[in-house]
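Contents: one structure, followed by commentary.
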Amino acid sequence: MGSCLIAGAMTLALASPGFTLSWTHSVEKITWRESWAITGTGLRLAEAAVKGSGAGMEPGDGAVLRNGWWVWVPDLPELAELHLAASGATGAGWRLCDSAGTCHEIGAAPGRALRLAPCGATE
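In the numbering used here, the protein residues as written are 6 to 128.
Written out as structure tokens, the structure is:
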């Protein structure tokens, strides 16, 4: 079953309601990865992982080391939308991939925060 996500001015068709966001921390140069699910009412963070630790990159409560990644399930409420900073300081943007392995780079240029929301969500 496919799904749809608004990413800034783009509409992305996804292979499933799940997607992964990954990026490199602008100071520590450490990779961070989050798995998200599009629900009927918003976005739910299902899992987070960091490839090390450093300033602002500490693994969350209950994290376990798995294949070189600190992995945990954050205890956070569902969000109606997600805003991603677009600082341009990392040399790349956010990498958004669906379950079929189709990936998009978003937010690479410095500018306003990038809004992610399920299709049909109002701003």
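Don't be surprised by glycine CBs; every beta carbon is placed ideally from N, CA and C.
In the structure shown, His-30 adopts coil according to DSSP, grouped into three states. Beyond the five residues adjoining it in sequence on each side, Ser-27 comes within less than 8 angstroms, by CB distance, of Thr-36, Trp-37, Arg-38, Glu-39, Trp-99, Arg-100 and Cys-102 in the same chain, given in chain order.
Residue state for Val-78 is assigned as coil, using DSSP reduced to three classes. The continuous beta strand (DSSP E) containing Asp-103 extends over residues 99-103.
Ala-54 places its beta carbon 8 angstroms or farther from that of Trp-41.
Between Ile-111 and Gly-47 the beta-carbon gap is near 19 angstroms, outside 8 angstroms, which marks them as no contact. Closest in alpha carbon position to Ala-114, among Ala-91, Ser-21, Met-62 and Leu-10, is Ala-91. Straight through space, the alpha carbons of Phe-24 and Thr-107 are spaced by roughly 10 angstroms. Residue pairing for Gly-116: DSSP places it in a beta bridge opposite Ala-91.
For Gly-67, the closest alpha carbon among the candidates Pro-79, Lys-56 and Ala-105 is that of Pro-79.
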